[in-house]
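**Q** Structure below; questions to follow.
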Amino acid sequence: MNVRKPLPENKLIVRVRKIKPLARGFAKLGDHVVITDENACILYANKAMERTTGFSVDEVMGKNPGDLWGGKMPNEFYTRMWNTIKVEKKPFVGEVRNVRKNGEEYWQELHISPILDARGEVKFLIGIEPNITDRKEKERFKDEFISIVGHQLKSPLAAIRWILDLLQKDRGLTVRQRQSLEDIYASNLNLLDLVNDLLLVSRTGNVGTNRKTIDLAQVIRKIIAQIERQHPTISFSFSNEGTNPLYANEVLVLQIFTNIIANAAEYSDENSGKVEVKLLKEKEHGFYIFTCKDNGIGIPPQDQEKIFSKAFRASNTHQAKKSGTGLGLFIVKTIADSLGWTVSFESTIGILAVQSVRRRIILRAFLVSLEKQKFRNEMTFRRGLISKI
1 MNVRKPLPEN
11 KLIVRVRKIK
21 PLARGFAKLG
31 DHVVITDENA
41 CILYANKAME
51 RTTGFSVDEV
61 MGKNPGDLWG
71 GKMPNEFYTR
81 MWNTIKVEKK
91 PFVGEVRNVR
101 KNGEEYWQEL
111 HISPILDARG
121 EVKFLIGIEP
131 NITDRKEKER
141 FKDEFISIVG
151 HQLKSPLAAI
161 RWILDLLQKD
171 RGLTVRQRQS
181 LEDIYASNLN
191 LLDLVNDLLL
201 VSRTGNVGTN
211 RKTIDLAQVI
221 RKIIAQIERQ
231 HPTISFSFSN
241 EGTNPLYANE
251 VLVLQIFTNI
261 IANAAEYSDE
271 NSGKVEVKLL
281 KEKEHGFYIF
291 TCKDNGIGIP
301 PQDQEKIFSK
311 AFRASNTHQA
321 KKSGTGLGLF
331 IVKTIADSLG
341 WTVSFESTIG
351 ILAVQSVRRR
361 IILRAFLVSL
371 EKQKFRNEMT
381 FRRGLISKI
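The working numbering applies: residue 1 is where the sequence shown begins, and numbers increase by one.
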């Protein structure tokens, strides 16, 4: 590695004096902060930098971070970084792998903001670098877990499909038996596709490669028909005002809607349950809305904030003797995250919002008291008509 020549002491003293007012606010900040000149020679570093890197403030003054703890990323990363802050003169954000003084690797989220002089030229650079090593480790563990579980699932799913192929050749099956086999076969294929997509996400972080145009109304009709056969005594209804096609990963979108509608049916009374599904257009804001309402047991107020937690089941499900894994809505959130959407739940008004960069999507859950202390659930899905928000 070519170590750059440190800033001469006389120039360092002059420049450090100039940035004192700028540096004053960073002394007690818990995140690693450095201020450099336009060539990345360090003029200021806070105590958090010492804790993060293992270098003392005196050791780093006048030197370049790339010669101390940095310089471990591909050249393309640094080319993009310098082009952003020196040419475009804009703030840069990126995840960077660094090395402590003792040789230990760690990860930081690098935020660099250029400070311009009166002529609009870069005079100083402020770098704020939170440590994200724990988060990166969790992401690595999650990706490895998905990969291992996914590969373990593919073999039995393929075996089940082979058995179903044999069963479907039996000419003695009744119409209902054949329909049930077709449902199981379709579910098996969907699950296998889901596993393959999750493996793709774990390897590349990208689910966009399998996107295609989807007739959302047709997808929902198929989901309802399949769930209706599993719950023949529950009343299902579907109305559609007409929507534009949705361009997305069909397998993941199918899983989201299946989980929502299946959840509504599962927690409804088998004798008096009603599940109402609507696909309509909100004229005022130009959104398309998917709603799924049921008259089931609902979610008690004290449990609402945990609705998307892994393996969480509301307290009243045990009283109602409803079985389940507590993973249905957790999977909804997980897939939404993999698609780049953000999921949140506001327990005060019961609104669950999902949003992506290029389209606006909202899932709503309204919980209102009914007779005999029951609740009615409503989950809403909106897709914006505009390409950006």
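Backbone N, C-alpha and C define an ideal beta-carbon position, used for all residues, glycine too.
1) For I115, does the three-state DSSP call read helix, strand or coil?
2) Given that a residue counts as buried once 16 or more other Cβ atoms are within 10 Å of its Cβ, and exposed if not, what is T213?
3) Does F141 come out as helix, strand or coil in the three-state DSSP assignment?
4) Please report how far the alpha carbon of K154 lies from the alpha carbon of A225, in whole angstroms.
5) Can you check whether the CB of N240 is closer than 8 Å to the CB of A217?
6) Tell me K136's beta-bridge partners as DSSP assigns them.
7) What does the Cβ neighbour count give for E105, buried or exposed, with the cut at 16 atoms within 10 Å?
8) As a quick exercise: from I126, N259, I146, N83, pick the residue whose alpha carbon is nearest that of R24.
9) Which one or two residues does DSSP pair with A264 in a beta bridge?
10) Taking S187 as the reference, which of Q177, R178, R161, N131 has the closest Cα?
11) Which of the three DSSP states, helix, strand or coil, is assigned to I223?
12) Taking the continuous beta strand (DSSP E) assigned at N390, which residues delimit it?
13) Pick out whichever of E121, S56, L173, K101 has its Cα sitting closest to the Cα of K86.
14) Please return the same chain residues whose Cβ sits closer than 8 Å to the Cβ of K89, not counting the five positions on each side in sequence.
15) Rounded to whole angstroms, how far is the Cβ of T52 from the Cβ of N131, which I believe are closer than 8 Å?
16) Note down, in chain order, each residue of its chain lying with its Cβ closer than 7 Å to the Cβ of V34, except the 5 sequence neighbours on either side.
17) So which of P232, L329, K63, F141 has the shortest CA-CA distance to K306?
18) Just list the residues that DSSP pairs T36 with in beta bridges.
19) Among all the DSSP beta bridges, which residues are the ones paired with S235?
20) What residues in its chain sit with their C-beta under 7 Å from that of R140, if we drop five residues either side in the sequence?
21) Is I223 closer than 8 Å to L279 when the C-beta atoms are compared?
22) Based on Cα-Cα distance, which residue from S235, S268, I227 lies nearest to F257?
23) Under 8 Å, do L191 and L157 count as touching if we go by C-beta distance?
24) Would Q390 be called buried (16 or more neighbouring beta carbons within 10 Å of its own) or exposed?
25) Helix, strand or coil: how does DSSP classify A174 here?
26) Roughly how many angstroms separate the alpha carbons of R17 and Q108, rounded to a whole number?
27) Over what stretch of residues does the beta strand (DSSP E) that includes R24 continue unbroken?
28) For M73, which of P301, I112, R97 has the nearest alpha-carbon?
29) CA-CA distance, K274 and L173?
30) Can you tell me whether F26 is buried or exposed, with buried defined as 16 or more other CB within 10 angstroms of its CB?
31) Would you report the Cα separation of L68 and S56, rounded to the nearest angstrom?
32) How is the alpha helix (DSSP H) around T79 delimited, first residue to last?
**A** The answer reads as follows:
1) On the sequence shown, position 115 is the one that residue 115 refers to. In this structure, I115 counts as strand in the three-state DSSP scheme.
2) Numbered from its first residue, the sequence shown carries residue 213 at position 213. Per the 10 Å Cβ criterion, exposed.
3) Here residue 141 refers to the residue found at position 141 of the sequence shown. In the structure shown, the three-state DSSP call for F141 is helix.
4) Numbered from its first residue, the sequence shown carries residue 154 at position 154. Numbered from its first residue, the sequence shown carries residue 225 at position 225. So the two alpha carbons sit approximately 26 Å from each other.
5) By one-based count along the sequence shown, residue 217 stands at place 217. By one-based count along the sequence shown, residue 240 stands at place 240. Yes, the pair counts as a contact, with Cβ atoms nearer than the cut-off.
6) The residue given as residue 136 occupies position 136 in the sequence shown. K136 pairs with nothing; no bridge assigned.
7) Numbered from its first residue, the sequence shown carries residue 105 at position 105. Exposed.
8) By one-based count along the sequence shown, residue 24 stands at place 24. Looking at the Cα atoms, I126 is the closest of the given residues.
9) Here residue 264 refers to the residue found at position 264 of the sequence shown. According to DSSP, A264 bridges with nothing at all.
10) Taking the first residue of the sequence shown as position 1, residue 187 is located at position 187. Relative to the Cα of S187, the nearest Cα in the group Q177, R178, R161, N131 belongs to R161.
11) Here the question's residue 223 lines up with position 223 in the sequence shown. In the displayed model, I223 falls within a helix according to three-state DSSP.
12) There is no way to answer for residue 390, as the model of the chain reaches only from 1 to 389.
13) For this step, residue 86 is matched to residue 86 along the sequence shown. K86 has its Cα closest to that of E121, out of E121, S56, L173, K101.
14) In the sequence shown, counting from the first residue as 1, residue 89 sits at position 89. If you ignore the 5 residues before and after K89, its C-beta comes within less than 8 Å of the C-beta of P114, L116, G120, V122, all in its own chain and listed in chain order.
15) By 1-based counting over the sequence shown, the position of residue 52 is 52. By 1-based counting over the sequence shown, the position of residue 131 is 131. Correct: roughly 6 Å between the Cβ atoms.
16) To locate residue 34, count along the sequence shown from 1; it is residue 34. Here the set comprises I42, Y44, A45, M49, P65, G127.
17) Taking the first residue of the sequence shown as position 1, residue 306 is located at position 306. Measuring C-alpha to C-alpha distances from K306 to each of P232, L329, K63, F141 identifies L329 as the nearest.
18) Taking the sequence shown and counting its residues from 1, one reaches residue 36 at position 36. Note: T36 sits in a beta bridge opposite I42, L125.
19) Stepping through the sequence shown from its first residue, residue 235 is reached at position 235. According to DSSP, which records beta bridges pairwise, S235 is partnered with K274.
20) Translated into the one-based positions of the sequence shown, residue 140 becomes position 140. If you ignore the 5 residues before and after R140, its C-beta comes within less than 7 Å of no other C-beta in its own chain.
21) By one-based count along the sequence shown, residue 279 stands at place 279. By one-based count along the sequence shown, residue 223 stands at place 223. Taking 8 Å as the cut-off, the beta carbon of L279 is found no closer than this to the beta carbon of I223.
22) Within the sequence shown, the letter at position 257 stands for residue 257. For F257, the nearest C-alpha among the options comes from I227.
23) Position 191 of the sequence shown, counted from the first residue, corresponds to residue 191. Position 157 of the sequence shown, counted from the first residue, corresponds to residue 157. Against a cut-off of 8 Å, the Cβ pair of L157 and L191 comes out as a contact.
24) In this structure the chain extends from 1 to 389, so residue 390 is not present and cannot be described.
25) Translated into positions along the sequence shown, residue 174 becomes position 174. Looking at the sequence shown, residue 174 is not Ala but Thr. Secondary structure at T174: coil, using DSSP grouped into helix, strand and coil.
26) Counting from one through the sequence shown, the residue named residue 17 turns up at place 17. Counting from one through the sequence shown, the residue named residue 108 turns up at place 108. Taking the straight line from one Cα to the other gives about 28 Å.
27) As a working note, residue 24 is residue 24 in the sequence shown. For R24, there is no enclosing beta strand (DSSP E), since its DSSP letter is neither H nor E.
28) What you label residue 73 is simply residue 73 of the sequence shown in a count that begins at 1. With distances taken between Cα atoms, M73 lies closest to R97.
29) For the purposes of this step, residue 274 is taken as the residue at position 274 of the sequence shown. For the purposes of this step, residue 173 is taken as the residue at position 173 of the sequence shown. Per the coordinates, the alpha-carbon of K274 lies some 31 Å from the alpha-carbon of L173.
30) Stepping through the sequence shown from its first residue, residue 26 is reached at position 26. That one is buried.
31) Reading the sequence shown from its first residue, position 68 is the one you call residue 68. Reading the sequence shown from its first residue, position 56 is the one you call residue 56. Separation of L68 and S56 (C-alpha to C-alpha, rounded to the nearest whole angstrom) is 11 Å.
32) Against the sequence shown, residue 79 aligns to sequence position 79. That run of the alpha helix (DSSP H) goes 75-82.
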